[in-house]
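Working notes, beginning with the structure itself.
There are 4 protein chains.
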Amino acid sequence: MNETWTTLVGNAATRPDFWETAAGVAVARFRLAVTVRRWDRRSEGWTDAHTSFYTVWTWRTLAANVAASVSLGEPLLVHGTLRVREREKEREREEARQGAGEGESGPKRWVTAELDAVAVGHDLTRGTSAFRRVSQAKPLLNAPTGATSP
Amino acid sequence: MNETWTTLVGNAATRPDFWETAAGVAVARFRLAVTVRRWDRRSEGWTDAHTSFYTVWTWRTLAANVAASVSLGEPLLVHGTLRVREREKEREREEARQGAGEGESGPKRWVTAELDAVAVGHDLTRGTSAFRRVSQAKPLLNAPTGATSP
Amino acid sequence: MNETWTTLVGNAATRPDFWETAAGVAVARFRLAVTVRRWDRRSEGWTDAHTSFYTVWTWRTLAANVAASVSLGEPLLVHGTLRVREREKEREREEARQGAGEGESGPKRWVTAELDAVAVGHDLTRGTSAFRRVSQAKPLLNAPTGATSP
Amino acid sequence: MNETWTTLVGNAATRPDFWETAAGVAVARFRLAVTVRRWDRRSEGWTDAHTSFYTVWTWRTLAANVAASVSLGEPLLVHGTLRVREREKEREREEARQGAGEGESGPKRWVTAELDAVAVGHDLTRGTSAFRRVSQAKPLLNAPTGATSP
Chain C
0 MNETWTTLVG NAATRPDFWE TAAGVAVARF RLAVTVRRWD RRSEGWTDAH TSFYTVWTWR
60 TLAANVAASV SLGEPLLVHG TLRVREREKE REREEARQGA GEGESGPKRW VTAELDAVAV
120 GHDLTRGTSA FRRVSQAKPL LNAPTGATSP
Chain E
0 MNETWTTLVG NAATRPDFWE TAAGVAVARF RLAVTVRRWD RRSEGWTDAH TSFYTVWTWR
60 TLAANVAASV SLGEPLLVHG TLRVREREKE REREEARQGA GEGESGPKRW VTAELDAVAV
120 GHDLTRGTSA FRRVSQAKPL LNAPTGATSP
Chain P
0 MNETWTTLVG NAATRPDFWE TAAGVAVARF RLAVTVRRWD RRSEGWTDAH TSFYTVWTWR
60 TLAANVAASV SLGEPLLVHG TLRVREREKE REREEARQGA GEGESGPKRW VTAELDAVAV
120 GHDLTRGTSA FRRVSQAKPL LNAPTGATSP
Chain L
0 MNETWTTLVG NAATRPDFWE TAAGVAVARF RLAVTVRRWD RRSEGWTDAH TSFYTVWTWR
60 TLAANVAASV SLGEPLLVHG TLRVREREKE REREEARQGA GEGESGPKRW VTAELDAVAV
120 GHDLTRGTSA FRRVSQAKPL LNAPTGATSP
């Protein structure tokens, strides 16, 4: 209830990072850059207005296929639910790990906009794609890229 | 103003029909079937709830790439603006062309839900895709499929 | 799964019709007109481009509040899931009731675009609104308008 | 192009702050809390899953009506375009103004999720609203609340 459904049209700003959870669920995560373009009357052309960055999360079969299909910089269409997340603790933990932080205040909040995707596709506005159906019954154990933890 | 932006997740119910307008603008049109699935507590599985059909319109480079990439039945993700259209006159014209209609009342309204797409992609939830970028400067004259009029 | 979430910005084209189902669930239904407006360079102003009509369904507390708050013509913002419905049987039943149909072909399909709303509000772009919170524990039996069946 | 249209269903987490720009354009800004609720099978009830905060911007007539209609805590429905913004410079300026910052590192990035709204309404899921149409020709000079600068 109250889920914020949205669709992002942008480019992969990182390669998908792929791993499996302790429970054996496949996960792929990547950053997406969404650049809004506006029509400029004077130059009679489109110009970049501003860029927003999102962290996209995918799960199970979608995660495996994203890891197998998406390369850095490719244009994508991502549909899912949005969440604005404050990652206070994670940030602190990360800083501690890096030996930082004696007396430093540092960022108290680390806000990220995250999209839990239910569908992802290459944007045909910018190119062509050859699709190959994957059986959904297939086990996810033989994931296409080496599993890494976040 | 007041555009109805939406994203459809479904399957191509027809092959894309591709042609160029008199002004030389590439157009590709296809039908998309969107089947909502609901979780059934008793069977502990997903079951089809109902299917909606939409007419999807694409233009220019997107139209050429859709015609070159999309096959019947493939899973797609389509983002654009929605319109509910009453095609009274077209329908009448079509009937007249087919020699129908002496004294018959026939359908007075012919309502279709149409989506003017700005982005289309193969849904990676169901398979993998290999993307190949197309130069946007490329002329659309050498369109990938034979031009047909609607 | 595969639900088509969308938001309509338009005007109530009918008064809400309110009733309770046999199971005692409150329902309110109305038609919404969505008129897209485009910027006209020559006249330097907005002009109406086209109008789409939707049937909006609301349930339970939302239905009671819509029936109590929404008048014909008021500007609204409606968020929910879309469905394109073919109402073949209902249409036939309706025709039969009206004594129509001996030998007539009549419309074989009756397509409507329907939105199952989860949130509805008066659009503050066009006016002001005074909000009064309603307890959700309140029974729906004392519904604000007379119950009518569809 | 590539605008991220979305709809937020939540509650006003601040009162709207209303002012006019140097160019005389009315602006109203407020924070919106969006709390996702999930169905809990064990308790057979809805529980709060997580809350996202957004900064909502409204302009012109909508800004004046939002300032005149929205109170702290009221349930709202907001439709518009999303942007994830890094407010590095503003943050630094703000710190400088407050006399902070000699030698302190402080937050380098200040990320906020912002929605540029085109329509806002009280959510009738939670109560009733009485709407009063405002003439759009009306000048915005007599704004309903005292003008304050951001």
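Chains as they are written, first to last, in numbering that gives the first Met the number 0: chain C, 0 to 149; chain E, 0 to 149; chain P, 0 to 149; chain L, 0 to 149.
For each residue, glycine too, the CB sits at the ideal point set by N, CA and C.
Subject >> Beta-carbon proximity list for arginine 36 of chain L, same chain, < 7 Å, skipping 5 on both sides >> reply: Trp45, Thr46, Asp47 and Ala48
Original post:
What are the boundary residues of the beta strand (DSSP E) that asparagine 1 of chain C is part of?
Top reply: Per DSSP, asparagine 1 of chain C belongs to no beta strand (DSSP E) and is neither H nor E.
Original post:
From the beta carbon of glutamate 2 of chain C, is the nearest beta carbon of chain L less than 7 Å away?
Top reply: yes
**OP:** Helix, strand or coil for arginine 41 of chain P, going by three-state DSSP, please let me know.
**Re:** coil
Original post:
Would you say glycine 102 of chain P reaches chain E, if we count a Cβ-Cβ gap shorter than 7 Å as a contact?
Top reply: Residue confidence is low: glycine 102 of chain P scores 44 on pLDDT, short of 50, so the model does not pin down where it sits. No coordinate-derived value is stated.
Original post:
What is the rounded straight-line gap between the Cα of alanine 12 of chain P and the Cα of tyrosine 53 of chain P?
Top reply: 9 Å
Subject >> Cβ separation of asparagine 130 of chain L and serine 51 of chain P, assumed to be a contact under 8 Å, to the nearest whole Å >> reply: According to the sequence provided, residue 130 of chain L is phenylalanine. The question's asparagine does not apply to it. The Cβ separation is near 22 Å, so there is no contact.
Subject >> Neighbourhood of valine 83 of chain L by C-beta distance below 6 Å, restricted to the same chain and skipping five residues each side >> reply: Ala112
Subject >> For leucine 123 of chain E, the first and last residue of its enclosing beta strand (DSSP E) >> reply: Run containing leucine 123 of chain E: none; DSSP gives neither H nor E here.
Original post:
Helix, strand or coil: how does DSSP classify leucine 61 of chain E here?
Top reply: helix
Original post:
What residues are listed by DSSP as bridge partners for leucine 7 of chain P?
Top reply: P/Val77
**OP:** Quick one: which unbroken beta strand (DSSP E) runs of 3-plus residues sit fully inside the region 11–38 of chain L? Chain order, please.
**Re:** 16–19
Original post:
Where does serine 51 of chain L fall in DSSP's three states?
Top reply: strand
Original post:
Any residues in the region 39–55 of chain E with a beta carbon nearer than 8 Å to a beta carbon of chain P? Which ones, in chain order?
Top reply: Trp45, His49, Ser51, Phe52 and Tyr53
**OP:** If I'm right that tryptophan 58 of chain C touches alanine 21 of chain C with Cβ under 8 Å, what's the distance once you round it to whole angstroms?
**Re:** Not really, about 14 Å apart at Cβ, beyond 8 Å.
Subject >> Contacts around histidine 78 of chain L, its chain only, beta-carbon distance under 7 Å, and the 5 residues preceding and following it disregarded >> reply: Thr6, Ala116, Val117 and Ala118
Original post:
Under three-state DSSP, which class holds arginine 132 of chain C?
Top reply: strand
Subject >> Cross-chain neighbours of threonine 203 of chain E in chain P, by beta carbon under 8 Å >> reply: This structure does not reach residue 203 of chain E, given that chain E is present from 0 up to 149, and the question cannot be answered.
**OP:** Answer with yes or no whether the minimum CB distance from arginine 82 of chain E to chain P is below 7 Å.
**Re:** yes
**OP:** Give the interface partners of threonine 111 of chain C over in chain L, defined as CB-CB distance under 8 Å, in chain order.
**Re:** Val110
**OP:** On a CA-only basis, which of P/Ser134, P/Val110, P/Gly72 and P/Val133 is nearest asparagine 10 of chain P? Give me that one, please.
**Re:** P/Gly72
Subject >> Proximity to serine 70 of chain P [Cα-Cα], best of P/Trp109, P/Ala62 and P/Pro15 >> reply: P/Pro15
Original post:
Among E/Leu76, E/Gly126 and E/Ser68, which one has its Cα closest to the Cα of glutamate 2 of chain P?
Top reply: E/Leu76
Original post:
Between the beta-carbon of phenylalanine 17 of chain C and the beta-carbon of valine 55 of chain C, is there less than 7 Å?
Top reply: no
Original post:
Just to confirm, are glycine 120 of chain E and arginine 132 of chain C a CB contact at a threshold of 7 Å?
Top reply: no
Original post:
Just how far apart, CA to CA, sit leucine 81 of chain P and tryptophan 4 of chain P?
Top reply: 6 Å
Subject >> Anticipated Cβ contact below 8 Å, valine 65 of chain P with valine 33 of chain P, distance rounded >> reply: With 8 Å as the limit, valine 65 of chain P and valine 33 of chain P do not qualify as a contact, their Cβ atoms being about 17 Å apart.
Original post:
Looking at the C-beta of leucine 76 of chain L, does it have a partner C-beta in chain C at a distance below 7 Å?
Top reply: no
**OP:** Report buried or exposed for aspartate 122 of chain L, applying the criterion of at least 16 other Cβ atoms within 10 angstroms of its Cβ.
**Re:** buried
Original post:
So threonine 60 of chain C and leucine 61 of chain E are in contact, right, with Cβ under 8 Å, and what is the actual spacing, rounded?
Top reply: Not quite, the Cβ-Cβ distance comes to about 26 Å (not below 8 Å), so this is no contact.
Original post:
Taking 7 Å as the CB-CB limit, is arginine 73 of chain L close to chain P?
Top reply: Note that residue 73 of chain L corresponds to glutamate in the displayed sequence, not to arginine. At least one chain P Cβ lies under 7 Å of glutamate 73 of chain L.
Subject >> 8 Å Cβ cut-off: residues of chain C touching aspartate 122 of chain E >> reply: Ala118, Val119 and Gly120
Subject >> DSSP bridge partner residues for arginine 84 of chain P (one or two, in chain order) >> reply: P/Thr111
Original post:
Which word fits serine 134 of chain P, buried or exposed, when buried means at least 16 other C-beta atoms lie within 10 angstroms of its C-beta?
Top reply: exposed
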